[in-house]
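To start, the structure itself, in structure tokens.
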Amino acid sequence: MLSLPPAVRIFVARGPTDLRKSFDTLCALVEQMLRQDPFSGHLFVFFNRRRDRVKMLVWERGGFWLHYKRLELGSFGMLDRTEITARELFCLLEGLEVVRERVRYERKSAPSG
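Count along the sequence shown from 1, add 4, and you get the number used in the numbering used here.
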């Protein structure tokens, strides 16, 4: 289970990625495809063509973490955007359908005075 601080943004490479690539090549893909800084501390997610494997790259104080998951059966869902929330990532990794949250109306309190 991943534990992500609220400040971490999650970026997904929407096209298929050759997951034989390791740290340096994935860093180059972050810069080229996602136009982000791999040393930012944000999480970068890459899927293979069959979408049954995922690699996640993140920089943490002095080094990169590379998380890898292979499904024994089935595939990960598709996404229609490159930035997702931690909740959406969790749902995606657990095989749940990722549904965008609806914006709910919140009544602002009346000014006092």
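All C-beta atoms in this analysis are idealised placements derived from N, C-alpha and C, irrespective of residue type, glycine included. Keep in mind that this is a model prediction, so the values were computed, not measured.
Spanning the alpha carbons of valine 34 and proline 10 requires a straight line of approximately 21 Å. DSSP places methionine 60 in the strand class (E or B) of the three-state scheme.
For phenylalanine 43, there is no enclosing alpha helix (DSSP H), since its DSSP letter is neither H nor E.
When the beta-carbon positions are compared, leucine 8 and alanine 90 come within less than 7 Å of each other. In the three-state reduction of the DSSP assignment, phenylalanine 48 falls in the strand class.
Cα atoms of arginine 74 and histidine 46: separation of roughly 22 Å, rounded to the nearest angstrom.
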